[in-house]
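First residue of the sequence shown? That's 84 in the numbering used here, and the numbers climb one at a time after it.
Don't be surprised by glycine CBs; every beta carbon is placed ideally from N, CA and C.
Small disclaimer: the values here were computed from a predicted structure and weren't measured.
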Amino acid sequence: MAGIYGESNIAFIKSFAGIIGLLILIACTFGLWFGVLFFPDINIQFDIGYLFDYFVFLFISIFLIWYGFWR
Numbered sequence: 084m085a086g087i088y089g090e091s092n093i094a095f096i097k098s099f100a101g102i103i104g105l106l107i108l109i110a111c112t113f114g115l116w117f118g119v120l121f122f123p124d125i126n127i128q129f130d131i132g133y134l135f136d137y138f139v140f141l142f143i144s145i146f147l148i149w150y151g152f153w154r
């Protein structure tokens, strides 16, 4: 029987991390393109701070997807 740190629990946590990474990736991409497509007259989506936040969340989501599904 697997304990709290058993292999089945670790696999579940890793797959959960991968799913969270996918959700972050979808949310960031949808948010960026929603701003570009539906609010083209507002230049806030091209502000360097928002793009920095986007790439930080993109890196986090890629790391979580890698950790959850391929590690």
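Inter-residue Cα distance where the pair is Tyr137 and Ile107 | Along the sequence shown, one-based indexing puts residue 137 at 54. Along the sequence shown, one-based indexing puts residue 107 at 24. Cα to Cα, Tyr137 sits roughly 10 Å from Ile107.
Rounded to the nearest angstrom, how far is the Cβ of Ala100 from that of Leu147, given a contact under 8 Å?
-> Counted from its first residue, the sequence shown places residue 100 at position 17. Counted from its first residue, the sequence shown places residue 147 at position 64. 5 Å between Cβ atoms; contact.
Mind checking whether Gly104 and Ser144 have CB atoms under 7 Å apart?
-> Reading the sequence shown from its first residue, position 21 is the one you call residue 104. Reading the sequence shown from its first residue, position 61 is the one you call residue 144. A contact, by the Cβ cut-off of 7 Å.
What's the gap between the Cα of Phe142 and the Cα of Ser98?
-> In the sequence shown, counting from the first residue as 1, residue 142 sits at position 59. In the sequence shown, counting from the first residue as 1, residue 98 sits at position 15. Approximately 18 Å between the Cα atoms of the pair.
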